[in-house]
Amino acid sequence: MLTIRLFCAAGMSTSLLVNKMIEEAKKEGKEVDIVAYPVNELDRRLAGVDVALLGPQVGYLKKKAQKTAADAGVPLDVIPMADYGRCNGKAVLELAEKLAKK
Numbered sequence: 001m002l003t004i005r006l007f008c009a010a011g012m013s014t015s016l017l018v019n020k021m022i023e024e025a026k027k028e029g030k031e032v033d034i035v036a037y038p039v040n041e042l043d044r045r046l047a048g049v050d051v052a053l054l055g056p057q058v059g060y061l062k063k064k065a066q067k068t069a070a071d072a073g074v075p076l077d078v079i080p081m082a083d084y085g086r087c088n089g090k091a092v093l094e095l096a097e098k099l100a101k102k
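The sequence shown begins at 1 in full-length UniProt numbering and counts up by one.
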């Protein structure tokens, strides 16, 4: 199972994207645990996580968030604006899988 956490401004704007990612994983027969949280909970929500993704609206926090994630041994990146805006669950799931393999 791949455990993915998405972090955004309030944890709510990514809920549609989370649902699209879960739908895509089900189509592909993959087991995932995907939840969105506000970015200010990042340091408390990394235990047992395989990948952390930031919403583009909080991408300016990437450097600080990457340090926090690296300290927890979790790869982190920012979701591309185009994929986020289109709720492209397939592309964001692929990004998470790619990060998890590094």
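C-beta atoms are modelled at their ideal positions from N, C-alpha and C, and glycine is treated no differently. Predicted, not measured: the structure shown is a model, and the values here were computed from it.
The beta-carbon distance between Ile-4 and Ala-91, rounded to whole angstroms, is 13 Å. This is too long to meet the 8 Å contact definition. Taking one beta carbon from each stretch, the region 39-58 and the region 68-83 have 3 or more pairs nearer than 8 Å; the two touch. In this structure, Ala-9 places its C-beta atom within 8 Å of the C-beta atom of Gln-57. Between Gln-66 and Leu-53, the C-beta gap is not smaller than 8 Å, which leaves the two residues out of contact.
Taking the Cβ atoms as the reference, Leu-93 lies roughly 12 Å from Asp-50, outside the contact range of under 8 Å.
Within the DSSP secondary-structure output, Thr-3 pairs in a beta bridge with Asp-33. Under the three-state reduction of DSSP, Val-78 is assigned to strand. Within the region 20-69, complete beta strand (DSSP E) segments of at least 3 residues are found at 32-38 and 51-54, given in chain order. Between Leu-42 and Thr-68, the beta carbon gap of about 6 Å places them in contact (Cβ cut-off 8 Å).
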